[in-house]
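Colleague: Read in order, the letters of the sequence shown correspond to residues 90 to 142 in the working numbering.
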Amino acid sequence: MPLPPRDFDTIGPRQGQRFPDVRLPDQTGAVIDLHAARAGRTALVVFYRSAEW
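(1) Please report how far the alpha carbon of glycine 129 lies from the alpha carbon of arginine 95, in whole angstroms.
(2) Which of helix, strand or coil does DSSP assign to arginine 127?
(3) Helix or strand or just coil, what does DSSP make of arginine 103?
(4) Starting from aspartate 122 and walking both ways along the beta strand (DSSP E), at which residues does that stretch end?
(5) Using the three-state DSSP reduction, which class does arginine 95 fall into: helix, strand or coil?
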């Protein structure tokens, strides 16, 4: 069953918009506070679906 088309220009954060304060697990399971970890530097956050099902 195909997915319906999405208007990606209207969903998600805008360029330059502040990323929400979040704590996420890294690849080892350790919880990382994004804003503390980046210490004022820019960051790239990548979300991917695991290959393990």
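C-beta: ideal position from N, C-alpha, C; glycine also.
Modeller: Let me lay it out:
(1) 33 Å
(2) helix
(3) coil
(4) 120-122
(5) coil
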